Structure formats: C-alpha cells, structure tokens
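Asker: Numbering (this note's numbering), first residue to last: 3 to 367.
The C-beta atom is built at its ideal place from N, Cα and C for all residues, glycine as well.
Here the structure is a predicted model, which means the values were calculated and not measured.
Pasting a structure here, questions to come.
Following this line, the structure appears as structure tokens:
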C-alpha cells in the first residue's frame with residue numbers, strides 16, 4: 003500500500019485543469035521560433051500590461067526581499083475608493099481562481115453541495131471536488147446558464163451557487179435583471195458567487211451594477227480579476243467583494259501572503275488606468291468583428307460572445323487544432339468542457355487575428 007493510495011477518493015477522482023499551451027512548449031515541440039508563435043488560447047490582454055502597471059512593477063521590485071502586506075491595505079483602499087465599498091468587504095486572491103477556492107474552503111466540505119452550469123468555468127467543479135463537496139451540474143440553455151433550472155437544483159445541503167457572467171468558455175451573457183431575479187429566489191443561507199472575470203469587456207449598454215446588490219443580498223459575492231482586461235495574468239491577482247462576515251470567513255482560510263508585493267503594486271496602478279482599459283475595449287471590439295466576420299465567411303458556427311474570446315464549431319477540432327499548431331497558432335480546445343467539436347480563440351491584435359484567420363483557412367482546406 004502506497005502513500006498515494008491513502009489520499010481521499012475525492013482527490014484521486016479529480017481531473018487536473020488543462021491550461022492553454024505555453025508558447026515555449028509549442029516552440030520545443032515544433033521547432034518553431036517562439037517569437038513567431040501567436041497565442042490566442044488563454045484570454046489574455048494582447049496589449050500586455052499598461053504603462054502605469056509596468057512602472058509600478060519596476061518600482062516594487064526593490065522591495066521584493068520583504069514579505070508583502072498580508073492584508074493588501076493599499077490595494078483594498080484603492081478598490082474601496084473605486085467601487086465605493088467598505089474595505090472589510092474585500093478579499094484579495096492570487097488570481098480570481100484563488101477567490102473561488104477560498105469560497106470552497108470556507109463554505110463547502112463533505113456533506114455539502116454546490117450548483118453550477120454545464121459549460122461553465124472548469125475551476126468550479128475542481129474547487130468543489132477538492133474539499134470533498136458534491137457538485138450539482140445543471141444542463142445549459144443555449145450554451146449558457148439556465149437560471150430557472152439552477153434555482154430548482156438547489157437542495158437542503160447546497161451552500162454555494164457559481165455563476166459566470168460573461169461565461170467562460172462560451173461567452174454567453176445574462177442580463178442584470180435576470181441575475182437579480184435569480185438572487186431573489188435563492189435561500190439566504192446559500193452563497194451566490196457571481197464570477198465577473200470578463201466584466202470590463204461588456205458593452206456599456208449591457209452593464210449593470212452588481213455591487214449595488216450587496217446591500218440587499220448579504221449572500222452575494224462578486225469575484226473579479228486583474229488577469230484579463232488589466233493585462234496582469236502572469237502576476238496573479240484577483241478580488242472578491244461580499245458581506246463583511248463572508249469576507250472574514252474567507253480571510254480565515256486565506257494564505258497570509260497570497261498576493262505578491264509586485265502584484266499588489268501593479269494592480270493598484272492598473273485600477274486607475276482608464277485610458278488603457280478604454281484602449282483594451284476598442285481593440286477587443288474591432289478584433290471580435292474581424293474574427294466573427296471571418297467565421298461567417300468560412301461558414302462556421304460560433305457562439306455570440308460578451309467576452310474577449312469566441313467559441314466556434316470546428317467539426318474535427320483535433321485535426322484543425324493540430325493544423326493550427328503546426329502553423330504556430332495556439333487556440334484552446336474545449337473537449338474537456340464537453341464540447342469536443344468546438345475551439346475557443348482569444349481576441350488578439352489585428353495582425354494576430356489575421357494570422358489565426360489565415361491559418362484556419364489553410365487548416366480547413
């Protein structure tokens with residue numbers, strides 16, 4: 003009998019998360035110069051980080067021999083001012099994935115369940131399973147959340163409901179009216195996690211003030227990240243905003259220095275860089291049109307997306323993906339989400355989008 007055999011069954015049953023292929027890995031596999039590879043697999047900001055964040059990173063490096071502020075006072079204060087919430091409502095995470103896992107550690111465990119949608123973010127079932135809780139997967143509606151069915155799926159041992167809006171990997175979107183109506187149906191002792199990792203990409207006409215709902219729904223947590231629109235994916239920093247009692251419990255299970263000093267400084271600087279966010283939104287809007295126009299011309303089906311990516315039906319996705327890789331273009335297979343015929347492509351710079359389109363045309367021949 004081995005040590006590994008003694009791990010709990012619920013740990014042994016977990017299928018590890020499959021991230022987008024790194025450019026360095028493809029360069030090794032294909033013998034392609036890394037500089038010539040286009041990665042459109044992980045929904046990163048093609049502009050990189052903004053100038054303000056970059057300057058903050060350089061300035062913060064000199065203090066890297068010291069532990070960071072474990073409470074993240076400066077970033078929490080900046081978030082408090084930006085969103086008009088009390089700092090006691092804020093939980094900082096090593097990316098928003100960390101926030102989701104803190105929810106699971108604080109509120110789930112054996113004998114408890116969590117509800118999430120099919121085709122929703124893969125970290126939800128991973129976080130649930132890692133603490134021995136039971137996941138309740140609800141059938142999707144048009145590749146997105148069926149809120150009526152999710153409300154009906156809540157059972158007495160349900161402690162958490164996860165909702166991604168916009169959803170990843172499908173890009174579907176729920177209106178603020180629909181989400182608020184759902185909140186009104188959820189029992190007060192069930193935490194609703196509203197994952198808004200892509201909220202900065204929403205068209206202004208679609209935006210809603212989820213943080214205003216916190217005053218009426220103490221069982222709501224809004225999760226956001228600096229990894230996407232803010233361009234800080236490699237630094238790992240996200241945050242959750244919730245009732246102070248919820249935040250307190252999550253902070254009890256949080257590692258004391260879970261966000262680095264460099265990440266804290268970069269996020270604080272990025273938060274105030276409205277010009278960079280506006281540029282990011284413009285690049286994304288134009289790139290979305292560039293790619294969807296090409297998909298339409300090629301006769302391919304895609305799911306309308308409110309994020310910085312689009313999921314399209316490739317048919318023999320394994321063959322198409324392999325052909326793209328041979329041409330130095332990385333997209334994201336999503337067979338692990340139960341969508342074996344589909345691929346997800348992130349929106350890049352115009353020249354990156356053009357590389358993808360040309361490679362896709364060749365792959366389809």
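(1) In chain order, what residues of the same chain lie with their CB nearer than 7 Å to the CB of residue 172, ignoring the 5 residues before and after it?
(2) Identify the continuous beta strand (DSSP E) that holds residue 311 and give its terminal residues.
(3) Hey, out of 256, 169, 187 and 142, whose CA is closest to residue 157's CA?
(4) What's the gap between the Cα of residue 38 and the Cα of residue 10?
(5) Determine the DSSP secondary structure at residue 166, reduced to helix, strand or coil.
(6) How close, in whole Å, do the beta carbons of residue 272 and residue 55 come, if the pair is a contact with beta carbons under 8 Å?
(7) Per DSSP, what are the beta-bridge partners of residue 357 in this structure?
(8) Look at the alpha carbon of residue 102 and the alpha carbon of residue 44, and state the distance between them as a whole number of angstroms.
(9) Evaluate residue 27 with the Cβ neighbour count: other Cβ atoms within 10 Å of its Cβ, from every protein chain shown; 16 or more gives buried, anything less gives exposed.
(10) So the candidates are 191, 71 and 152; which of them puts its Cα closest to the Cα of residue 137?
(11) According to DSSP, is residue 139 helix, strand or coil?
(12) Indicate whether residue 268 and residue 239 have their beta-carbon atoms separated by less than 9 Å.
(13) Report yes if the C-beta distance between residue 161 and residue 128 is below 9 Å; otherwise report no.
(14) What are the boundary residues of the beta strand (DSSP E) that residue 232 is part of?
(15) Which word fits residue 317, buried or exposed, when buried means at least 16 other C-beta atoms lie within 10 angstroms of its C-beta?
(16) Distance check for residue 245 and residue 251, CA to CA, integer angstroms please.
(17) Apart from the five residues on each side of it in sequence, which residues of its chain come closer than 8 Å, Cβ to Cβ, to residue 247?
Answerer: Let me lay it out:
(1) Position 170 of the chain shown, counted from the start, is the residue given in the question as residue 172. Excluding positions up to five away in sequence, the list reads 121, 145, 146, 305 and 313.
(2) Sequence index remark: in the chain shown, residue 311 carries index 309 (1-based). Residue 311 -> beta strand (DSSP E) spans 311-315.
(3) In the chain shown, counting from the first residue as 1, residue 157 sits at position 155. Here the closest residue by C-alpha is 187.
(4) The residue you call residue 38 lines up with position 36 of the chain shown. The residue you call residue 10 lines up with position 8 of the chain shown. Taking the straight line joining both Cα atoms gives about 44 Å.
(5) One-based indexing of the chain shown puts residue 166 at position 164. If DSSP states are grouped into helix, strand and coil, residue 166 belongs with the strands.
(6) Within the chain shown, residue 272 is the residue found at index 270, counting from 1. Within the chain shown, residue 55 is the residue found at index 53, counting from 1. Sure, about 4 Å apart at Cβ, within 8 Å.
(7) Taking the first residue of the chain shown as position 1, residue 357 is located at position 355. None; residue 357 has no bridge partner.
(8) Locating residue 102 in the chain shown gives position 100, counting from the first residue. Locating residue 44 in the chain shown gives position 42, counting from the first residue. For residue 102 and residue 44, the distance between alpha carbons rounds to 18 Å.
(9) To locate residue 27, count along the chain shown from 1; it is residue 25. That one is exposed.
(10) As a first step, residue 137 is located in the chain shown; it is residue number 135 there, counting from the start. Residue 137 has its Cα closest to that of 152, out of 191, 71 and 152.
(11) Reading the chain shown from its first residue, position 137 is the one you call residue 139. Reduced to three states, the DSSP call for residue 139 is strand.
(12) Locating residue 268 in the chain shown gives position 266, where the first residue counts as 1. Locating residue 239 in the chain shown gives position 237, where the first residue counts as 1. Yes.
(13) Residue mapping note: residue 161 aligns to position 159 of the chain shown, counting from 1. Residue mapping note: residue 128 aligns to position 126 of the chain shown, counting from 1. Cβ atoms of residue 161 and residue 128: not closer than 9 Å.
(14) Looking up residue 232 in the chain shown gives position 230. Looking at the DSSP string, residue 232 is not in any beta strand (DSSP E), and its letter there is neither H nor E.
(15) Position 315 of the chain shown, counting from 1, holds the residue named residue 317. So residue 317 counts as exposed.
(16) In the chain shown, the residue the question calls residue 251 occupies position 249. In the chain shown, the residue the question calls residue 245 occupies position 243. Computed Cα separation, rounded: 10 Å.
(17) Residue mapping note: residue 247 aligns to position 245 of the chain shown, counting from 1. So the qualifying residues of the chain are 220.
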